[in-house]
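Sequential numbering from 41 applies to the sequence shown in our numbering. Virtual Cβ for every residue (Gly too), placed ideally from N, Cα, C. Down below is the structure, laid out as structure tokens.
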Amino acid sequence: MIVDHLKNIEIYAHMHRNMATAIEYIKHHDLLSIPLGKHEIDGSNVYLLRDSYKPKDIESCFFEGHQKYLDIQIVLKGVEYFGYHHLGHPGFTVTSPYHEEKDIEKYEIKDFTKIILAENMFVVVTPDDLHMPKLMYKPGLTVEKAVFKVKL
41 MIVDHLKNIE
51 IYAHMHRNMA
61 TAIEYIKHHD
71 LLSIPLGKHE
81 IDGSNVYLLR
91 DSYKPKDIES
101 CFFEGHQKYL
111 DIQIVLKGVE
121 YFGYHHLGHP
131 GFTVTSPYHE
141 EKDIEKYEIK
151 DFTKIILAEN
161 MFVVVTPDDL
171 HMPKLMYKPG
181 LTVEKAVFKV
191 KL
């Protein structure tokens, strides 16, 4: 997992050719002005999920993992907690088996790391990074987010 500020995102373009495509898009677009929903950037190789939501308490969230895509999750406005647990560490239970079409597997994890994602911060999660987005930092806050799905 990578956590950084948006101003540093170009550092990570070398990770994968599709990552470079996503980062070029990020550099040249006002992400807040993009309508909510799914937007293809390079077919199924790179697409954007633009979202706006009120983060939830931990009981209403879940851990997830992906096998085909990595995520670049960018907080455009607001702040949230982001849960993290590495797949190589013990202490997780699969609650919903891998769904190939949706590229998601769900987990229950009791002991995990919680980080703060604030405005203009991003996280990159790979298939080894089990993660729980949308965790409430403070009641009543709205988060504007751009999630880039980058095919591996």
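> Can you name, in chain order, every residue of its own chain whose Cβ lies under 8 angstroms from the Cβ of I74, other than the five neighbours on each side?
Replying inline: The residue given as residue 74 occupies position 34 in the sequence shown. Around I74: L88, R90 and A186.
> With distances taken from CA atoms, which of D111, K174 and M41 is nearest E184?
Replying inline: Taking the first residue of the sequence shown as position 1, residue 184 is located at position 144. When each option's Cα is compared against that of E184, the closest is K174.
> Taking C-beta to C-beta, are Y109 and H171 nearer than 8 angstroms?
Replying inline: Counting from 1 along the sequence shown, the entry for residue 109 is found at position 69. Counting from 1 along the sequence shown, the entry for residue 171 is found at position 131. Not closer than 8 angstroms, so no.
> On the three-state DSSP scale, how would you describe L47?
Replying inline: As a first step, residue 47 is located in the sequence shown; it is residue number 7 there, counting from the start. Note that residue 47 corresponds to Lys in the displayed sequence, not to Leu. Reduced to three states, the DSSP call for K47 is helix.
> Quick one: what does DSSP say M161 is sitting in, helix, strand or coil?
Replying inline: Position 121 of the sequence shown, counting from 1, holds the residue named residue 161. If DSSP states are grouped into helix, strand and coil, M161 belongs with the strands.
> Does DSSP put L71 in a helix, in a strand, or in coil?
Replying inline: Your numbering for residue 71 matches position 31 in the sequence shown. In the three-state reduction of the DSSP assignment, L71 falls in the helix class.
> Should K195 go down as buried or exposed, given a rule of 16 or more other Cβ atoms within 10 Å for buried?
Replying inline: Residue coverage of the chain in this structure runs from 41 to 192, which leaves residue 195 outside it and unanswerable.
> Does the distance from the CB of V134 to the CB of M41 come in under 8 angstroms?
Replying inline: In the sequence shown, the residue the question calls residue 134 occupies position 94. In the sequence shown, the residue the question calls residue 41 occupies position 1. The Cβ-Cβ distance between V134 and M41 does not fall below 8 angstroms.
> Is the distance from the Cβ of F122 to the Cβ of E148 below 8 angstroms?
Replying inline: Within the sequence shown, the letter at position 82 stands for residue 122. Within the sequence shown, the letter at position 108 stands for residue 148. For F122 and E148, no; Cβs fall outside 8 angstroms.
>> Can you check which of these residues, H126, D97 and D169, is closest to P179 by C-alpha distance?
In response: On the sequence shown, position 139 is the one that residue 179 refers to. The candidate whose alpha carbon is nearest that of P179 is D97.
> Taking C-beta to C-beta, are T182 and G118 nearer than 8 angstroms?
Replying inline: Along the sequence shown, one-based indexing puts residue 182 at 142. Along the sequence shown, one-based indexing puts residue 118 at 78. Yes, they are a contact pair.
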